[in-house]
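Shown next, in structure tokens, is the structure this report addresses.
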Amino acid sequence: MAESTAQVVAPEAPPSGARPRPAARSLHRWLRWLGVVPFGVYVGLGLIAPFVAIAIASFRNSSTGTFTLNNFRTALSGTYLLGLKTSIVLSIAGAIVPGIWGLLLAYAIFTAKRGNMLRKVVITASGVFANFGGVPLAFLFIATLSTTGIVTGWIKDITGVNIWDHSFSLYTGYGVFFVYMYFQIPLMVLVILPALEGLRPAWREAAHNMGAGTWQYWRHVGGPVLLPSFLGCLLLLFGSAFSAYATAEALTGGTIALTPIQIGALLNGNVVAGQENLGYALGVIMVVIIAIIMVIYVILQRRSARWLR
Amino acid sequence: MSALVAAAEKEGQLNVITLPSNWANYGTIMSDFSKLYHIHITDANPEGSSGQEITAVEQLKGQSRAPDVVDVGPSFAVEGANDHLWAPYKVATWSNIPANAKDPNGDWYADYGGYVAIGYDPAKVKLAPTSFASLTNPAYKNMIGLNNSPTTAGAAFAAVYAAALANGGSFSNIEPGIKYFAHLKQIGNFVPTAIGGPTTVQNGTTPILIWWDYLLESEVKPVVPGFKIVIPSDATYASYYDQAISATAPDPAAARLWEEYLYSTTGQNLWLAGYTRPIELATLVANGTVNKAAEAALPPAPSSTLTFPSSAQAAAAETVVTQNWPTQVGG
């Protein structure tokens with residue numbers, strides 16, 4: 000198992016090490032905390048400090064600096080509210096569909112023989128594809144599947160059908176969703192595989208010995224054990240889609256409202272001046288949404304960790 | 000002037016920000032200035048935006064690497080003036096800058112700019128477009144692009160403004176421009192990618208690109224053989240960037256000398272050689288000091304005198320585009 004999971008982010012907690020003797024325990028505890036210090040500094044400087052700064056700024060008026068709730072009022076109305084809704088809907092769809100696809104794909108790999116070439120190739124490729132994103136990804140799709148794309152041309156040559164004449168488009172919400180599959184499905188394969196591998200063959204054999212069929216095994220044993228991990232992975236995919244930014248921007252040019260794009264326009268743009276704090280307020284709202292997701296994720300993780308150790 | 004030169008040379012350093020070397024000929028301008036005055040130029044974040052320039056001025060205040068001078072979009076120049084970020088300065092040729100293109104106090108002053116133009120690759124676009132109205136022709140299906148989203152990019156925003164002027168709108172009413180692009184999208188002519196540029200013209204994603212004339216000239220034309228650029232006959236919308244000196248510039252003398260250089264005949268002609276229209280172009284032409292070859296390389300300018308939206312009009316239009324672009328053009 001180590002061979003295949005070493006390169007992936009295993010969602011479950013690592014097995015706890017051997018317990019030290021009581022005398023050495025207190026020193027051991029100190030050393031343990033010492034080891035966490037660099038990480039703590041990193042989190043403090045890279046995550047907590049910026050968040051506090053942004054949270055404070057989000058309650059201030061951009062020009063006068065006085066306390067205000069107006070940034071949040073604006074952030075939760077009009078195009079910005081639409082942006083939040085679209086972001087959430089796109090992210091939910093962009094989690095569930097690749098979640099199911101990725102699960103099926105991961106299961107196929109899981110049942111393949113260990114050491115199988117195809118299995119190795121799929122896992123390695125997933126690692127590569129899951130990390131491919133941004134403007135290069137958008138351009139890859141534009142070069143292959145836009146109106147003048149190579150693949151569009153091939154399909155037209157072979158079948159005589161121009162897919163763009165049949166309501167195919169890369170430049171809409173559906174197009175963005177389609178492109179997200181490119182990295183979301185491999186990501187699902189990577190994160191769900193360790194959970195699948197935690198299903199012990201012994202459980203299945205035991206179930207069969209007691210006369211259970213495949214359906215009953217999945218209904219009463221495999222499914223319940225896997226469910227928390229599966230839901231946890233969906234939440235990860237949600238977070239991944241929710242924060243994706245450059246790809247959607249490059250494809251749609253702001254014609255679909257997405258919160259990260261709107262934040263970019265407010266903070267980095269060449270058009271809207273002096274509304275940075277509205278961007279910060281949107282950022283705080285995104286952080287809150289992700290925090291809720293993370294809490295649910297941790298709860299699910301605890302449940303699944305019970306079985307998968 | 001000689002005292003300024005001496006003080007600037009003593010500082011020996013100038014911090015500029017977000018000046019791409021292939022943009023408006025800035026590469027040559029910076030190296031010529033450096034050689035002439037022995038002043039080292041540090042160009043921070045060359046691909047950055049106006050918003051990032053303002054942030055840098057505010058956040059690096061008091062540090063030796065803080066920007067001395069900025070080159071920002073009009074709304075950012077006004078915002079900076081409101082926030083007292085700029086040091087007022089009037090270059091020697093101040094009177095040659097049109098009154099509607101400078102702050103009376105000298106906080107900021109227009110530098111170079113151009114017109115919203117339609118560029119197209121004649122190899123793929125058989126029927127030459129001439130105006131915004133002509134772009135609704137079904138022959139242009141899946142062909143027309145902007146460089147980016149008008150909620151982010153100044154050029155795309157200007158294109159929407161220009162389209163508004165062509166469709167019964169005004170500086171106070173940008174809505175017809177949004178409606179125009181919504182219509183182009185609906186009939187399938189508009190490709191809303193945000194990475195419009197030389198590559199998307201080359202590979203045929205957007206063989207027609209609406210952008211600044213000077214960027215079509217300097218970035219697309221060199222890589223697309225036969226590329227044509229036309230200023231739409233039904234809307235002339237020009238926009239100029241603005242110069243301003245930071246009130247907290249670590250190299251104040253070098254900053255002022257840089258402005259004098261930019262607004263000298265040499266500096267103005269260098270911008271012209273970068274296919275932009277320097278703000279004192281009319282004076283250069285009148286005095287016969289213009290670089291004729293560089294001037295001839297530009298698409299002919301409309302004869303009407305330049306007008307610009309006021310900062311209040313522009314701010315209102317920005318809000319309208321931000322709110323309505325996704326809902327009307329998207330979906």
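Respectively, the protein sequence lines represent chains A and B.
First residue of the first sequence: 0, per numbering that gives the first Met the number 0; consecutive thereafter.
First residue of the second sequence: 0, per numbering that gives the first Met the number 0; consecutive thereafter.
Think of the CB as a built atom: it goes at the ideal place given N, C-alpha and C, for glycine as much as any other residue.
Note that the structure is predicted; figures quoted are calculated from it, not measured.
What's the gap between the Cα of residue i and the Cα of residue j?
i	j	result
L46 (chain A)	I87 (chain A)	23 Å
G282 (chain A)	A54 (chain A)	8 Å
T258 (chain A)	L83 (chain A)	6 Å
L297 (chain B)	K220 (chain B)	12 Å
G263 (chain A)	A316 (chain B)	19 Å
E196 (chain A)	G231 (chain A)	16 Å
Q300 (chain A)	M187 (chain A)	16 Å
A237 (chain B)	P277 (chain B)	12 Å
L235 (chain A)	G329 (chain B)	28 Å
I244 (chain B)	S148 (chain B)	29 Å
G43 (chain A)	A65 (chain B)	26 Å
T78 (chain A)	F241 (chain A)	17 Å
N115 (chain A)	I186 (chain B)	51 Å
F71 (chain A)	R59 (chain A)	10 Å
F131 (chain A)	S30 (chain B)	38 Å
F38 (chain A)	A313 (chain B)	46 Å
A155 (chain B)	E216 (chain B)	16 Å
S3 (chain A)	G222 (chain A)	Here the model assigns S3 (chain A) a pLDDT of 39, short of 50, so the residue's position is not dependable and the matter cannot be decided.
V224 (chain A)	S303 (chain A)	7 Å
For residue i, would you say it is in contact with chain B, using Cβ-to-Cβ distances shorter than 9 Å as the test?
i	result
W163 (chain A)	yes
A137 (chain A)	yes
I267 (chain A)	Before going further, note that residue 267 (chain A) is Asn rather than Ile in the sequence given. True, the Cβ-Cβ gap to chain B drops below 9 Å.
L230 (chain A)	no
I255 (chain A)	yes
Q183 (chain A)	no
S242 (chain A)	no
G45 (chain A)	no
A206 (chain A)	no
L281 (chain A)	no
I55 (chain A)	no
T146 (chain A)	yes
Q261 (chain A)	yes
E196 (chain A)	no
A264 (chain A)	yes
V134 (chain A)	yes
How about residue i and residue j: do their beta carbons lie closer than 9 Å?
i	j	result
V124 (chain B)	A158 (chain B)	no
L305 (chain B)	N99 (chain B)	yes
Y240 (chain B)	D120 (chain B)	no
Q198 (chain B)	M142 (chain B)	Note that residue 198 (chain B) is Thr in the sequence shown, not Gln. Cβ distance not < 9 Å, so T198 (chain B) and M142 (chain B) don't count as in contact.
I40 (chain B)	L261 (chain B)	no
V68 (chain B)	W257 (chain B)	yes
G93 (chain A)	F176 (chain A)	yes
I99 (chain A)	I108 (chain A)	no
V200 (chain B)	T129 (chain B)	no
S168 (chain A)	G174 (chain A)	yes
Listing by chain order, which chain B residues have their CB less than 7 Å from the CB of residue i?
i	result
Y309 (chain A)	The question about residue 309 (chain A) has no answer, for chain A in this structure spans 0 to 308.
G77 (chain A)	Q322
S166 (chain A)	The contacting residues do not exist; S166 (chain A) stays about 10 Å from chain B at best.
A249 (chain A)	T192, A193 and I194
I141 (chain A)	T192 and T204
Under 9 Å, Cβ to Cβ, is there at least one residue of chain A near residue i?
i	result
Q312 (chain B)	no
S1 (chain B)	no
I143 (chain B)	no
A158 (chain B)	no
I16 (chain B)	no
N202 (chain B)	yes
K125 (chain B)	no
S217 (chain B)	no
T318 (chain B)	yes
N81 (chain B)	yes
Q51 (chain B)	yes
May I ask you to check if the CB of residue i is nearer than 8 Å to at least one heavy atom of the ligand FMN?
i	result
G47 (chain B)	Ligands in the displayed structure: none, and consequently the ligand FMN is not present.
Which chain A residues sit within Cβ distance under 9 Å of residue i?
i	result
P149 (chain B)	G252, G253 and V270
Could you work out which residues of chain B lie near residue i, taking near to mean beta carbons separated by less than 8 Å?
i	result
L81 (chain A)	P325 and T326
Could you tell me which chain A residues have their CB closer than 7 Å to the CB of residue i, listed as they occur along the chain?
i	result
Q242 (chain B)	The premise fails here: Q242 (chain B) is roughly 16 Å from chain A at the closest Cβ pair, so nothing lies under 7 Å.
E78 (chain B)	A272 and G273
Run through the stretch 79–150 of chain B for me and flag every whole beta strand (DSSP E) of 3 or more residues, listed as ranges in chain order. 108–119 and 143–145
Can you check the stretch 33–68 of chain A for any alpha helix (DSSP H) of at least 4 residues that lies completely inside it and give the ranges in chain order? 48–57
Any alpha helix (DSSP H) of 4 or more consecutive residues that is wholly inside the stretch 79–145 of chain A: 116–129 and 133–144
Quick one: complete alpha helix (DSSP H) runs, 4+ long, within the stretch 177–214 of chain B? 197–201
Could you pull out every unbroken beta strand (DSSP E) segment of at least 3 residues lying fully inside the stretch 237–263 of chain B, listed in chain order? 237–245
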